[in-house]
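**Q** These protein sequence lines map, in sequence, to chains A and B.
According to the numbering used here, numbering within the first sequence proceeds without interruption in unit steps and concludes at 227.
According to the numbering used here, numbering within the second sequence proceeds without interruption in unit steps and concludes at 227.
C-beta: ideal position from N, C-alpha, C; glycine also.
Number of protein chains: 2
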Amino acid sequence: MKLLETLNWRYAVKKYNTETVSTDKVDKITAAINLTATSTGIQPFRIVVVSDKELQKKLGEGSFNSQIAEASHLLVFAAFDNVTKERIESFIQNTAKVREIPEEALDEYKNLLETYLLNRTEEENFSWASKQAYIGLGTALIAAAELEVDTTPMEGFDNAKFDKLLNLKQKGLKSVVILSLGYRDAENDVFSKMKKARMPIDEFVIS
Amino acid sequence: MKLLETLNWRYAVKKYNTETVSTDKVDKITAAINLTATSTGIQPFRIVVVSDKELQKKLGEGSFNSQIAEASHLLVFAAFDNVTKERIESFIQNTAKVREIPEEALDEYKNLLETYLLNRTEEENFSWASKQAYIGLGTALIAAAELEVDTTPMEGFDNAKFDKLLNLKQKGLKSVVILSLGYRDAENDVFSKMKKARMPIDEFVIS
């Protein structure tokens, strides 16, 4: 299967060269993320694409991840800070529009979502939304690798600073994980030559 | 890009036919999940493959997801209930073995992981481990679709019952999300004909 090759090709890049990822490729990666399955289908996260070098520099200051400043692009996965009645309404409207059906046809589903999501705490909904973003991260890693774009998934960043500099709070979002895009500087990245270390499959899969 | 087609092909199946997914395909899907990136590389989750119909029936009792009982296979993503010194030790040992280097060469990384992970609460580590499992779910959805195996990702199941019937507690694991595998019964699954509803890309990607 081609996917196994793709997954073996990728690694978490520490050192990028200065080549820029084309807009076309970035668009394909975000399109793939947008097609990712999420619980209930509500897609409770958004992607911010950053390629402004000044902004990247500010975002990366103080982080041990130099990739934040040095990569060609940065994808910021930002999850809903809560799930509101308006978020559900907007999701139902969009679904009805795409499927060319009246919104009322989705009333039962809407009620179900309201009961399920609005009875949880803000923290529970944010934690749940974050997990959905991580499914998207799985897709993004594969999409980029299929396009031979290198990546680094990162949790080690200053969430509060990201939220502030990207105006996420006003959008009801909080940054949860980031993915840098670019091209590996294989000669200067010691990790590029390391053998991928994974669990033996018979220990990873348990019975 | 082939991946966009693959992602468009898949949907969350409600009704499976009775065809069984081959062991070869299940093995490829779990191999792909095992290759998924995780924070720090520690892979803080495991996969349980269930295909015993009696067990599936028990696991699915009382759930609104009939797929639990009816699918060909069930992949249970089970995250570390905590991250312990032993978990870190075992990860370091495996990495050294795969890379054919002495364990001591990883001492600095081991110390870093201990500082980072052992100072968090059990809840924080479990939540973090769960998120890593969701990256794997993203991979699994794509791996299955590439093999034209249908899937249903599900959070709606009785975690406590799963943990008990699969003896997860003894293994330091807790079930977090499940994925059924099988083949769609397109004629009897009303969802098989629905248009995939996703956010307009210019609303999903924000600036």
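Looking only at C-alpha atoms, which of B:V225, B:A89 and B:A98 sits nearest to N179 of chain B?
**A** B:A98
**Q** Could you tell me whether any Cβ in chain A is nearer than 8 Å to the Cβ of R107 of chain B?
**A** no
**Q** In the structure shown, what three-state DSSP assignment does L193 of chain A receive?
**A** The answer is strand: DSSP assigns L193 of chain A an E or B state.
**Q** I112 of chain B by DSSP, collapsed to three states: which one?
**A** helix
**Q** Taking Cβ positions, are Y154 of chain A and V103 of chain A nearer each other than 8 Å?
**A** no
**Q** Compute the Euclidean distance between the alpha carbons of E128 of chain B and T135 of chain B, then round it to the nearest angstrom.
**A** One alpha carbon belongs to E128 of chain B, the other to T135 of chain B, and they sit about 11 Å apart.
**Q** Is any beta-carbon of chain B found at less than 8 Å from that of S83 of chain A?
**A** no
**Q** Out of curiosity, what's the CA-to-CA distance linking E120 of chain A and R66 of chain A?
**A** 24 Å
**Q** If I measure Cβ to Cβ from V68 of chain B and keep anything under 7 Å in the same chain, skipping five residues before and after, which residues do I get?
**A** V96, A98 and L186
**Q** Over what stretch of residues does the beta strand (DSSP E) that includes L94 of chain B continue unbroken?
**A** H93 to F100
**Q** Quick one: which residues of the region 54-74 of chain A get their C-beta closer than 8 Å to a C-beta of chain B? List them in chain order.
**A** Within the region 54-74 of chain A, the residues whose Cβ lies closer than 8 Å to any Cβ of chain B are, in chain order, N54, L55, T56, A57, S59, G61, Q63, R66, I67, V68 and V69.
**Q** Could you say which of B:L157, B:N85, B:L132 and B:A163 lies nearest to K22 of chain B if we only look at CA atoms?
**A** B:A163
**Q** Going by beta-carbon coordinates alone, are L5 of chain A and K105 of chain A separated by less than 8 Å?
**A** A query on residue 5 of chain A cannot be resolved here, the shown segment of chain A reaching from 21 to 227 and no further.
**Q** Quick check: the region 167-183 of chain B against the region 77-90 of chain B, are there 3 or more CB pairs under 8 Å?
**A** yes
**Q** Among residues of its own chain, excluding the 5 on either side of E90 of chain A, which ones have a beta-carbon nearer than 7 Å to its beta-carbon?
**A** Y36
**Q** Which same chain residues, not among the five before or five after E166 of chain B, have their C-beta less than 7 Å away from its C-beta?
**A** Here E166 of chain B has T26 as same chain residues with Cβ atoms under 7 Å from its own Cβ, once five neighbours each way along the sequence are excluded.
**Q** So, with DSSP's three-state summary, where would you put T26 of chain A?
**A** helix
**Q** Start and end of the alpha helix (DSSP H) containing T43 of chain A?
**A** T43 to N54
**Q** What did DSSP end up calling A217 of chain A once you bin it into helix, strand or coil?
**A** coil
**Q** Flag K78 of chain A as yes if its beta-carbon sits less than 8 Å from any beta-carbon of chain B, otherwise no.
**A** no
**Q** Which residues in the same chain have their Cβ closer than 6 Å to the Cβ of A32 of chain A, if we skip the five residues on either side of it in sequence?
**A** Beyond the five residues adjoining it in sequence on each side, A32 of chain A comes within less than 6 Å, by CB distance, of T172 in the same chain, given in chain order.
**Q** Mapping the DSSP letters down to three states, classify R140 of chain B as helix, strand or coil.
**A** coil
**Q** Kindly confirm or deny that the region 144-160 of chain B and the region 34-54 of chain B touch, where touching means at least three C-beta pairs closer than 8 Å.
**A** yes
**Q** Identify whether L157 of chain A lies in helix, strand or coil by the three-state DSSP scheme.
**A** Collapsing the DSSP output to three states places L157 of chain A in a helix.
**Q** For E144 of chain A, which residues of its own chain have a beta-carbon under 7 Å away from its beta-carbon, when the five flanking residues on both sides are left out?
**A** none
**Q** If we call anything under 8 Å between Cβ atoms a contact, is V169 of chain A one with K45 of chain A?
**A** A distance below 8 Å separates the beta carbons of V169 of chain A and K45 of chain A.
**Q** Can you pull the chain A residues whose beta carbon is under 9 Å from the beta carbon of N114 of chain B, in chain order?
**A** A217, R218, M219, P220 and E223
**Q** Excluding five sequence neighbours on each side, which residues of the same chain lie with their C-beta closer than 8 Å to the C-beta of G192 of chain A?
**A** F100, D101, N102, T104 and R107
**Q** Given that E166 of chain B touches chain A, what residues does it touch there, using C-beta distances under 9 Å?
**A** M21, K22 and L23
**Q** Give the straight-line distance between the Cα atoms of S59 of chain A and Q152 of chain A, rounded to the nearest whole angstrom.
**A** 7 Å
**Q** Candidates B:S110, B:G202, B:M219 and B:K213: which alpha carbon is nearest E223 of chain A's?
**A** B:S110
**Q** Are R204 of chain A and S212 of chain A close, meaning C-beta to C-beta below 8 Å?
**A** yes
**Q** Could you tell me how far apart the beta carbons of Q76 of chain B and M174 of chain B are, in whole angstroms, since I believe they sit closer than 8 Å?
**A** Rounded, the Cβ-Cβ distance is 13 Å, inconsistent with contact.
**Q** Can you give me the Cβ contacts of S71 of chain A inside the same chain, cut-off strictly under 6 Å, excluding the 5 residues immediately before and after it?
**A** H93
**Q** Out of B:L201, B:P220 and B:E207, which has the shortest C-alpha to C-alpha gap to S42 of chain B?
**A** It is B:L201.
**Q** Since F65 of chain B sits in a beta bridge, which residues does DSSP pair it with?
**A** BP columns for F65 of chain B point to B:A99.
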